[in-house]
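Taking our numbering, the leading residue of the sequence shown gets 77, the next gets one more, and so forth.
Glycine included, every Cβ here is placed at the ideal spot set by N, Cα and C.
Model, not experiment: these values are computed from the prediction.
Read through the structure below, which is laid out as structure tokens, and then see the notes.
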Amino acid sequence: MLFAIKMKNQKIIFELGQPHAGWVPVKLHHLKHNFQFEGSVVPNNPIEELMSAIILICDGVTKTSQITWNLEPYCYYFQFEKDDDNYMLSVSESDDFQGPQKLTHKIKGTFDQIILPIYRALRNFETYEFSDRAWPEIKKERSMKMKLLVKDKQKVPNKN
Numbered sequence: 077m078l079f080a081i082k083m084k085n086q087k088i089i090f091e092l093g094q095p096h097a098g099w100v101p102v103k104l105h106h107l108k109h110n111f112q113f114e115g116s117v118v119p120n121n122p123i124e125e126l127m128s129a130i131i132l133i134c135d136g137v138t139k140t141s142q143i144t145w146n147l148e149p150y151c152y153y154f155q156f157e158k159d160d161d162n163y164m165l166s167v168s169e170s171d172d173f174q175g176p177q178k179l180t181h182k183i184k185g186t187f188d189q190i191i192l193p194i195y196r197a198l199r200n201f202e203t204y205e206f207s208d209r210a211w212p213e214i215k216k217e218r219s220m221k222m223k224l225l226v227k228d229k230q231k232v233p234n235k236n
């Protein structure tokens with residue numbers, strides 16, 4: 077079962093499914109572009125990387141490190157950027173883990189259109205019950221930090 081985030085004037089829909097045996101179902105929908113895949117927890121934990129990226133972008137960093145979704149051998153890469161009140165999510169892909177990357181899609185929008193759907197999917201992911209064999213547990217202190225930074229960001233009036 078996947079959790080969809082839909083809001084009025086939503087630009088993206090982002091979903092994280094129930095993890096199983098080190099794999100997590102992921103869906104990203106933007107306009108006519110659909111990305112649907114299962115990402116592995118080996119050799120990196122993309123959920124932790126995604127949470128770190130949300131924390132950094134909410135804390136004022138203008139460009140985050142990449143989130144690597146390893147499909148063994150194929151990979152997707154997400155990267156966030158911020159310029160004033162504009163946010164961008166870049167999606168790249170590669171035929172293998174260390175191969176050359178090709179930019180596939182760039183999504184531009186506001187905090188509510190780009191960051192919030194991903195944040196909400198992460199928060200929903202935390203509600204799933206699963207064993208350490210299915211996926212590593214999310215660190216509560218990181219989750220709390222992300223939650224507080226997003227809530228603070230939501231209190232700031234949007235200039236657009």
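Sheet register partners of residue i (DSSP bridge)
i, result
"Thr140", "None, per the DSSP bridge assignment."
"Ser170", "Cys151"
"Phe156", "Leu165"
"Asn110", "His105"
"Gly98", "According to DSSP, Gly98 bridges with nothing at all."
"Asn146", "Ser116 and Cys151"
Residue closest to residue i, alpha-carbon to alpha-carbon, out of the options
i, options, result
"Gly185", "Leu179, Pro212 and Asn162", "Asn162"
"Thr180", "Pro101, Pro122, Ser116 and His106", "His106"
"Ser116", "Ser219, Ile183, Val102 and Ser166", "Val102"
"Leu126", "Asn110, Thr144 and His109", "Thr144"
"Asp171", "Asp188, Asn146, Ile214 and Tyr150", "Tyr150"
Exposure label - residue i; buried when at least 16 CB within 10 Å
i, result
"Thr203", "exposed"
"Thr140", "buried"
"Lys82", "Since pLDDT at Lys82 reaches only 38, below the 50 mark, its modelled position is unreliable, and no value is offered."
"Met222", "buried"
Contact check, residue i vs residue j, beta carbons under 8 Å
i, j, result
"Tyr152", "Phe113", "yes"
"Phe90", "Ile194", "yes"
Integer-rounded CB distance, given that residue j should sit under 8 Å from residue i
i, j, result
"Ala210", "His96", "5 Å"
Chain B contact for residue i (CB, 8 Å cutoff)
i, result
"Glu202", "Structure shown: chain B not included; a single protein chain is present."
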